[in-house]
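Take a look at the structure below.
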Amino acid sequence: MTFPPLPWLLAIAVLMPIVAWFFQRRHRERLLVGLRAAWGRVGPIDALDDDRVMEAWLESRRTVPPETELDERTWVDLDLDRVVATLDRTNTGLGRQRLYWRFRSGASWMATPDLESLVQRLREDTALREAIGLQLRGASSHLGYGLWPITRPELIVVRWWYWAFPILALTMAGSIVGIVFVPKAGAAHDGAAPGQHARADGHRVADPWPADTHAPDRAGDRHRRTPDGNPPNSGRSAGVTRCARSSRCGGFRPG
């Protein structure tokens with residue numbers, strides 16, 4: 005196995021972080037352009053028809069006091085799905101789920117006084133708003149609808165044996181690196197051409213009998229016959245064949 009020269013490896017090790025930083029910066033600039041273009045823009049008003057929002061509500065409604073929750077009939081009669089869709093300015097699935105929960109639970113806006121101060125701060129501090137938007141941008145995909153359990157810490161259970169998963173990931177990464185940079189003992193054999201085999205010192209030698217042919221019979225075997233007219237090894241071969249087809253071979257080993 006031929007390895008690249010050391011200068012090439014050093015050049016790759018230096019250039020890879022630079023290229024990754026360049027593409028990451030370009031991706032960040034594109035996200036900033038999208039965030040700035042969407043700020044303050046009124047989206048299309050449509051009915052809220054999203055089963056994932058309803059699923060998050062059904063899973064988290066047990067934390068809502070029964071006396072404040074809006075019942076299903078009132079919600080449908082007032083067409084509050086359309087109201088939520090009209091007021092929705094969220095950019096993530098988690099934000100839409102929390103907005104729906106806020107309406108459906110009947111919680112007062114005064115119940116969370118810190119929310120108004122946070123909204124005011126985000127309105128005035130553009131850098132903070134864009135930094136938070138960049139961090140939450142990944143939650144705008146369909147995967148963002150699965151983040152709602154973070155609003156209920158009691159649903160997140162951590163087991164002591166979870167530490168094994170990062171160790172397995174590191175082991176897998178180390179195995180991949182080892183396969184690339186550390187040749188296996190059987191690598192030479194894997195690269196041997198048909199009709200050759202690799203010796204322990206790495207040299208390839210021709211097989212005495214190619215794979216598509218059979219070794220000649222022992223001297224005289226092809227001419228000798230048993231009393232029943234068969235070659236001397238035919239019974240043994242038939243026994244091996246029958247044993248291979250039978251599940252009752254036991255410890256039979258042809259020798």
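Residue numbers are given in this note's numbering: position 227 of the sequence shown equals residue 231, and the series is strictly consecutive.
All C-beta atoms in this analysis are idealised placements derived from N, C-alpha and C, irrespective of residue type, glycine included.
Buried or exposed for residue i, please, with buried defined as at least 16 other CB atoms from any protein chain shown within 10 angstroms of its CB.
i    : result
S121 : exposed
Q28  : exposed
Y104 : buried
A89  : buried
G206 : Any reading at G206 needs caution, since the residue's pLDDT is 49, under 50, leaving its predicted position unreliable; the model's value is listed next. Burial call: exposed.
Compute the distance between the beta-carbons of residue i and residue j, then report whether it is under 9 Å.
i    : j    : result
E128 : R40  : no
R125 : V68  : no
L36  : L138 : yes
W152 : E63  : yes
E59  : G110 : no
L98  : I160 : no
R320 : T94  : Since the first residue shown for the chain is 5 and the last is 259, residue 320 is missing from the structure and cannot be characterised.
R106 : V57  : no
By the three-class DSSP mapping on this structure, what secondary structure does residue i have?
i    : result
T116 : coil
W43  : coil
T96  : coil
T130 : helix
R102 : helix
G178 : helix
R163 : coil
A24  : helix
D75  : coil
A168 : helix
G38  : helix
P11  : helix
P153 : helix
G110 : coil
L82  : coil
A17  : helix
D54  : coil
A189 : Since pLDDT at A189 reaches only 44, below the 50 mark, its modelled position is unreliable, and the value read off the structure follows with that caveat. Looking at A189 - three-state DSSP - the assignment turns out to be coil, as it is neither helix nor strand.
V88  : helix
V123 : helix
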